[in-house]
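Enquirer: The structure that follows is given in the form of structure tokens.
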Amino acid sequence: MRNRWLVPAGAAAAVLVIAACGSSSAGNGGSGGSGGSGSSPAAQAASSGSTLKTMKIGSATVLTNAKGLTLYWFVRDTPNKSNCDASCLQYWPPVTGSVTAGSGVTGHLGTITRSNGTKQATWNRHPLYTYVGDTAPGMDKGNGLNISGGVWHAITLTGSAAPAASPKASSGGGYGY
446 MRNRWLVPAG AAAAVLVIAA CGSSSAGNGG SGGSGGSGSS PAAQAASSGS TLKTMKIGSA
506 TVLTNAKGLT LYWFVRDTPN KSNCDASCLQ YWPPVTGSVT AGSGVTGHLG TITRSNGTKQ
566 ATWNRHPLYT YVGDTAPGMD KGNGLNISGG VWHAITLTGS AAPAASPKAS SGGGYGY
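Here it is as structure tokens:
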């Protein structure tokens, strides 16, 4: 049974098109790389698994790591595979290891195995990431960004994508597809 990807109604068609282009392989596949040498020590520490929490940012209740940093999902990922690798990992460190639910956290927690053998935490079958631009609790600078080949969304517990404060675009060129 496939879980629904949580997106605003207007973006549902775009997500379906993107999902149709994605991998549908079964198993615990993953893309290469870990936080690696391209990630700062702070980004690596922020991405480690632990107890997940919730926090109100604007009108949305978002999922955070134990340090209060917002967690994100990537539109190009599939339930069994992260499509964030190479340079993407410099901006979007994966949450590694198993996580547990703190107070107010609902949904299914699990892991996938990346191609380098590391475990990446998932929430409702979405591989989890932090964003290096979020340097303190309560920030969601990565929400709505179209960077590293696709759009990123803060994870909300309400069943819809977190509202983006303003349109954000990648400075990396291309259309993100």
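Residues in the sequence shown are numbered consecutively from 446, following this note's numbering.
All residues carry an ideal CB built from backbone N, CA and C; glycine is no exception.
1. Can you say whether Thr-603 is buried or exposed, counting buried as having 16 or more other CB atoms within 10 angstroms of its CB?
2. Taking the alpha-carbon of Ser-504 as reference, which of Leu-497, Val-596 and Asp-585 has the nearest alpha-carbon?
3. What is the DSSP secondary structure of Leu-573, reduced to helix, strand or coil?
4. Mind checking who Val-550 pairs with in its DSSP beta bridge?
5. Quick one: Cα of Asp-522 to Cα of Arg-570, how far?
6. DSSP three-state label for Leu-602, please.
7. Per DSSP, Thr-499 is paired with what?
8. Keeping to the same chain, check which residues put their C-beta closer than 6 Å to that of Ala-581; ignore five residues upstream and five downstream.
9. Taking only the alpha-carbon atoms, compute the straight-line gap between Thr-558 and Ile-502 and give it to the nearest angstrom.
10. CA-CA distance, Thr-509 and Asn-528?
11. When you compare only the Cα positions, how much space is there between Thr-506 and Thr-499?
12. Taking its Cβ as the centre, do 16 or more other Cβ atoms sit within 10 Å of Ala-531, making it buried, or is it exposed?
13. Which one of Gly-513, Ser-495, Trp-518 and Val-596 has the shortest CA to CA distance from Leu-573?
Expert: In this structure, then:
1. exposed
2. Asp-585
3. coil
4. None; Val-550 has no bridge partner.
5. 10 Å
6. coil
7. Leu-508
8. none
9. 30 Å
10. 21 Å
11. 6 Å
12. exposed
13. Trp-518
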